[in-house]
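K.L.:
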Amino acid sequence: MQFRNLPSVDTVLADKDMAAAAKSFDRDWVVDLVREELDAAREQIRQGADSPDADNLARSVLQRIEDTMRAEPRQVINATGVVIHTNLGRAPLSRAAIEASNQAAQGYSDLELDLSTGRRGSRQAQVQSLLLQITGAEAALAVNNNASAMLLGLSALASGKEVVVSRSEAVEIGGG
Numbered sequence: 000m001q002f003r004n005l006p007s008v009d010t011v012l013a014d015k016d017m018a019a020a021a022k023s024f025d026r027d028w029v030v031d032l033v034r035e036e037l038d039a040a041r042e043q044i045r046q047g048a049d050s051p052d053a054d055n056l057a058r059s060v061l062q063r064i065e066d067t068m069r070a071e072p073r074q075v076i077n078a079t080g081v082v083i084h085t086n087l088g089r090a091p092l093s094r095a096a097i098e099a100s101n102q103a104a105q106g107y108s109d110l111e112l113d114l115s116t117g118r119r120g121s122r123q124a125q126v127q128s129l130l131l132q133i134t135g136a137e138a139a140l141a142v143n144n145n146a147s148a149m150l151l152g153l154s155a156l157a158s159g160k161e162v163v164v165s166r167s168e169a170v171e172i173g174g175g
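End of the sequence shown sits at 175 in numbering that gives the first Met the number 0; the numbers just go up one at a time, nothing left out.
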């Protein structure tokens, strides 16, 4: 067994690219990655593999850093038969919604600013106006999820009354 040939954590971190990574990212995280690679190397040595050198260990750690930084949700095909699947990111946005979100995210917006007064405004003001126009309702309120909407609706319409909920319609969020 070649455990004595394994480089130290400091030797791996002395690599030029590793030193740059330790400065760019959380040093403790990079050190933990080096230790994990050394642990994996020890296990491979136990199984008969040769001891990797500092350069190979550094390349492995740098690859893990790159993979982590590149990790992002990937687009998939929803072939489950469930239209709004909680594990697949809910419902896709329309192209117009994506473009509007992208446009708003590219700079500052008047999300909570009353442009006529220059003071803090209400997030509800713009969306309420649009909802009233679209639905013809007397009042409107936007909330961030169905549970909030159901609670508000039931509070207004069934306060103090029994509400029957079908268990077969219960939605499990994120449970797969």
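We put the beta carbon where it would ideally sit given N, CA and C, even for glycine.
1. Could you tell me whether the Cβ atoms of SER59 and GLU42 are closer together than 9 Å?
2. Going by C-alpha distance, which of ARG89, MET68, ASP25, ASP66 is nearest ILE188?
3. Just to confirm my understanding: we take VAL200, look at its own chain, exclude 5 residues before and 5 after, and list those with CB closer than 6 Å. What are they?
4. Jot down the residue ranges of each uninterrupted alpha helix (DSSP H) in the region 123-153, minimum 4 residues, whole runs only, in chain order.
5. Roughly how many whole angstroms lie between the Cα atoms of ILE44 and SER23?
6. Taking the DSSP output, what are the residues bridged to ASP113?
7. Using three-state DSSP, classify ARG73 as helix, strand or coil.
8. Can PRO91 and ASP52 be called in contact, C-beta distance under 9 Å?
9. With a 10 Å radius around its C-beta and 16 neighbouring C-beta atoms as the bar for buried, classify LEU56 as buried or exposed.
10. May I ask which residues mark the beginning and end of the alpha helix (DSSP H) holding THR79?
11. Based on the DSSP secondary-structure assignment, which residues constitute the bridge partners of ARG89?
12. Does the Cβ-Cβ distance between ARG122 and LEU131 come in under 9 Å?
13. Applying the 10 Å Cβ sphere with the 16-neighbour rule, what's the burial state of VAL163?
14. Once you ignore the five residues that flank GLY120 on each side, which residues in its own chain have a CB closer than 6 Å to its CB?
15. Measure from the alpha carbon of ALA48 to the alpha carbon of each residue in ASN4, ALA18, THR10, then state which is nearest.
16. Determine the burial state of VAL126: buried for a count of at least 16 other Cβ atoms within 10 Å of its Cβ, exposed for fewer.
17. Flag ASN77 as yes if its beta-carbon sits less than 9 Å from any beta-carbon of chain B, otherwise no.
P.N.:
To lay it out plainly:
1. Counting from 1 along the sequence shown, the entry for residue 59 is found at position 60. Counting from 1 along the sequence shown, the entry for residue 42 is found at position 43. No; because the gap between Cβ atoms is not below 9 Å, this pair is not in contact.
2. With the chain covering 0 to 175 only, the question about residue 188 has no answer from this structure.
3. Nothing can be reported for residue 200, as the shown portion of the chain is limited to 0 through 175.
4. none
5. Your numbering for residue 44 matches position 45 in the sequence shown. Your numbering for residue 23 matches position 24 in the sequence shown. Near 31 Å, if we compare the C-alpha coordinates of SER23 and ILE44.
6. By one-based count along the sequence shown, residue 113 stands at place 114. Bridge partners of ASP113: ARG118.
7. Position 74 of the sequence shown, counting from 1, holds the residue named residue 73. Coil at ARG73, not helix or strand.
8. In the sequence shown, the residue the question calls residue 91 occupies position 92. In the sequence shown, the residue the question calls residue 52 occupies position 53. Going by C-beta atoms, PRO91 is not nearer than 9 Å to ASP52.
9. For the purposes of this step, residue 56 is taken as the residue at position 57 of the sequence shown. By the neighbour-count rule (16 or more Cβ atoms within 10 Å), LEU56 is buried.
10. The residue given as residue 79 occupies position 80 in the sequence shown. Premise fails: THR79 is in no alpha helix (DSSP H) and is neither H nor E.
11. Counting from 1 along the sequence shown, the entry for residue 89 is found at position 90. According to DSSP, which records beta bridges pairwise, ARG89 is partnered with HIS84.
12. Here residue 122 refers to the residue found at position 123 of the sequence shown. Here residue 131 refers to the residue found at position 132 of the sequence shown. No, the pair does not count as a contact, with Cβ atoms beyond the cut-off.
13. One-based indexing of the sequence shown puts residue 163 at position 164. Classification for VAL163: exposed.
14. Here residue 120 corresponds to residue number 121 of the sequence shown, with the count starting at 1. Cβ neighbours of GLY120 beyond the five flanking positions: GLU111, LEU112, ASP113.
15. Indexing the sequence shown from 1 puts residue 48 at position 49. Among ASN4, ALA18, THR10, the Cα nearest to that of ALA48 is on ASN4.
16. Here the question's residue 126 lines up with position 127 in the sequence shown. Burial call: exposed.
17. Absent from the structure is chain B; it holds one protein chain and no more.
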